[in-house]
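Novice: The sequence shown begins at 1 in UniProt numbering and counts up by one. Cβ coordinates follow ideal geometry from the N, Cα and C atoms, glycine included. As the structure is a computational prediction, the values presented were derived from the model and not from experiment. One structure, as C-alpha cells, below. Some questions next.
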Amino acid sequence: MAFLSSSSPTMQKGIFVSVPVLVLSVSFAAAVFFLLSSSSCSCPPSLSSSNVVGGSVTDVRLEERISTTREDIEWVRDLIRSNGLHMQKNELRKGINPRTRDQQLADLKQYKGISHYEGEEANNHTALPCPGELLVEQHHSNYGEPWAGGRDVFEFLAESSNLKPNSRVLEIGCGTLRVGLHFIRYLNPSHFHCLEKDELSLMAALRYELPSQGLLHKRPLILRGDDMEFSKFGSGVTYDLIYASAVFLHMPDKLVWAGLERLVEKLKPYEGRIFVSHNVKFCSRLGGDECAKKLASLGLEYLGKQTHDSLLFNHYEIWFGFRRLKP
C-alpha cells in the first residue's frame, strides 16, 4: 500500500452565526391597522430568523460552523492594527501579580494569598477540591506542544469527518482533554467517549478541566484502560469518528492491530472515519501489500494522508484516514 501525500487543505474557518431580531416600536394607530389587516393576508406561518416562545422573541442559530474563517482572521488583525498593538520580544510580560506557576503553587500549598476553609470546613464548602498542580495548570505543559494546539486537531478532525452535534466520537488516549474539551463542548451530551490509561491525566480531566470549562453537564464517558478494550462503552454504540493523536506511536504493533479489529464494528460503515496522527508504523512495517491485505481482512480501507496547518503557531500535523467498507 503506497502512502501518498495529498496537498495541504486550505483552512476553511468558521464562526457561530446568529441573526438578531429587531423589535420596532410603532404607533397605536399603525398597530391597530396591522391587526385589522393581518386577518386577510397570507403570511408565512413562521419566521426564518426567529422563534416566538411565550410571547418573547428568541434568536435561532441559522448555521453552525466549527473553524475560524479567513474573514475572522482579517477582522482580528484589523482590530490589532487599529489598537496600535505590536509584537514585542518573544516573552510574556508579567501582570500586576507577577508570580510564576511554581510560585503560585508554593503559595497554594502554604495557604498564602487566598482565603480558605480549614479542616472539616473545607469539605463542607468545596465541591471539587483540586491539587495545587491542577489549579496552576501545570498539566498544560505535559504534551510537547502548546495546549492551544488542541483546537487545531479538533477543527481538522471535525470537518474531515463531517461531524454534527449529534455525532458520536471516541478518542483513544484523550489525556487531560487538550483536544477532547472542544469535542465535548460541540457534541450533544454523552456523545464523547475516551479510553485513557494515565491516572494523573484522568485526575486533571475530571477534577479540573471539565468543571473549570463548565462542561460537566455534557456527561462525557471517560474510562481508564490500557488494553484497547472497548466493550465497557456499550455493545450497541457506533461512532462517526474514532481518532488517536500520536497514541499508536507508543503502543506495540500487535496491540494496535488488536484494537483496530475491535474498533471496526464500532465504526459506522462508509461515512464513519478513523484518523491516526503522525505515522502508521504499525502498518508500514508490514509492507504496502501486506498492510493493504490486513486492512481489507478487517473491513477497512486506507483513504490517504492529509496535513493540517495550525491556526496559532508554525506547525502542521500529518493524519492518516481509514473507513469501514462493510455494514
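(1) I80 to T69, Cα distance in whole Å?
(2) Can you pull the DSSP bridge partners for V179?
(3) Is the stretch 160–167 in contact with the stretch 140–148, if contact means three or more CB pairs nearer than 8 Å?
(4) Beta-carbon separation of A158 and I222 under 8 Å?
(5) From the DSSP secondary-structure annotation, give me the bridge partner or partners of T307.
(6) Does the Cβ of C194 lie closer than 7 Å to at least one heavy atom of the ligand HEM?
(7) Excluding the 5 residues flanking F320 on each side, which residues of the same chain have their C-beta closer than 6 Å to its C-beta?
(8) For E301, which residues does DSSP report across the bridge?
(9) Which residues in the same chain as G236 place their Cβ atom closer than 6 Å to its Cβ, once the five residues preceding and following it in sequence are excluded?
(10) With respect to the beta strand (DSSP E) encompassing L170, which residues constitute its N-terminal and C-terminal limits?
(11) Counting beta carbon pairs with one atom in the stretch 121–135 and one in the stretch 282–298, are three or more of them shorter than 8 Å?
(12) Quick check on V276: does DSSP put it in helix, strand or coil?
(13) Check whether the Cβ atoms of Y302 and L267 lie closer than 8 Å to each other.
(14) Could you tell me the alpha carbon to alpha carbon distance between H193 and E171, rounded to whole angstroms?
(15) Does the beta-carbon distance from S245 to V153 come in below 8 Å?
(16) Taking the alpha carbon of R273 as the point to measure from, which residue in F282, Y208, G299 and E229 has its own alpha carbon closest?
(17) In terms of alpha-carbon separation, which member of F313, R207 and R323 lies closest to G150?
(18) Starting from I80, trace the alpha helix (DSSP H) in both directions and tell me its first and last residue.
(19) Quick check on V26: buried or exposed, where buried means 16 or more other Cβ atoms within 10 Å of its Cβ?
(20) In this structure, does DSSP put H140 in helix, strand or coil?
Specialist: So, to answer that:
(1) Straight through space, the alpha carbons of T69 and I80 are spaced by roughly 17 Å.
(2) According to DSSP, which records beta bridges pairwise, V179 is partnered with nothing at all.
(3) no
(4) no
(5) I318
(6) Only the bare structure without any ligand can be found here, which leaves the ligand HEM out of the picture.
(7) V276, V280 and K305
(8) R323
(9) none
(10) V169 to I172
(11) Counting Cβ pairs under 8 Å, fewer than three are found: no touch.
(12) strand
(13) no
(14) 6 Å
(15) Yes, they are a contact pair.
(16) G299
(17) Selected option, being the one with the closest Cα: F313.
(18) Membership of I80 in the alpha helix (DSSP H) is indicated by the continuous run R70 to S82.
(19) Low local confidence applies: a pLDDT of 39 at V26 is under 50, so the model's placement there is unreliable, with the coordinate-based value given in what follows. Its Cβ having fewer than 16 others within 10 Å, V26 is exposed.
(20) helix
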